[in-house]
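Structure, as structure tokens:
Numbering (the UniProt record's numbering), first residue to last: 1 to 135.
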């Protein structure tokens, strides 16, 4: 029993380990007519969080490369562990890892869907991301 507890503890620690430092963006509000995709994360990242980050980044840089280049679309990874991000995150009531899309007239919160689909069905997450950006 003691052995199983130790194994469970080790697995738990490995499942949510600290990822090497990432290049966090500065918190910036989108300009008029611009759509922004914000991925709020922390220094500690689990497998699901890493999958969300990879899926969103890959989808945006491949399917929306022109929009990113022109500035019509903006993607920012923001570190919730950075005090400079705290006030910005609170504007959107973000206190934990989150995926938000800010459009000129609305805020779309894809956090629940991202955590639900990132590992078992990444194509569904891509589809939801595309729908949110194209509506």
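Think of the CB as a built atom: it goes at the ideal place given N, C-alpha and C, for glycine as much as any other residue. Just so you know, these numbers come straight off a predicted model, no measurement behind them.
Identify, in the order they occur along the chain, each residue of the same chain with its Cβ nearer than 6 Å to the Cβ of residue i, setting aside the five sequence neighbours on each side.
| i | result |
| --- | --- |
| residue 117 | 124, 125 |
| residue 121 | none |
| residue 185 | Residue 185 lies beyond the residue range present for the chain, which begins at 1 and ends at 135; the question has no answer from this structure. |
Are the Cβ atoms of residue i and residue j separated by less than 8 Å?
| i | j | result |
| --- | --- | --- |
| residue 47 | residue 119 | yes |
| residue 78 | residue 38 | yes |
| residue 110 | residue 129 | yes |
| residue 99 | residue 86 | no |
| residue 33 | residue 104 | yes |
| residue 107 | residue 96 | no |
How far does the beta strand (DSSP E) with residue i in it extend, from its first residue to its last?
| i | result |
| --- | --- |
| residue 101 | 98–103 |
Spatial neighbours of residue i within its chain, please: C-beta separation below 7 Å, excluding the five flanking residues on both sides.
| i | result |
| --- | --- |
| residue 80 | 40, 41, 42, 89 |
| residue 56 | 37, 39, 99, 129 |
| residue 71 | 34 |
Under DSSP, the alpha helix (DSSP H) around residue i begins and ends at which residues?
| i | result |
| --- | --- |
| residue 36 | Taken as a continuous stretch (DSSP letters only), residue 36 belongs to no alpha helix (DSSP H), being part of the beta strand (DSSP E) at 35–41. |
| residue 76 | No alpha helix (DSSP H) contains residue 76, which is instead part of the beta strand (DSSP E) from 73–79. |
| residue 107 | Segment 106–109 is the beta strand (DSSP E) holding residue 107; no alpha helix (DSSP H) there. |
| residue 83 | 83–91 |
| residue 122 | 122–134 |
| residue 68 | 65–70 |
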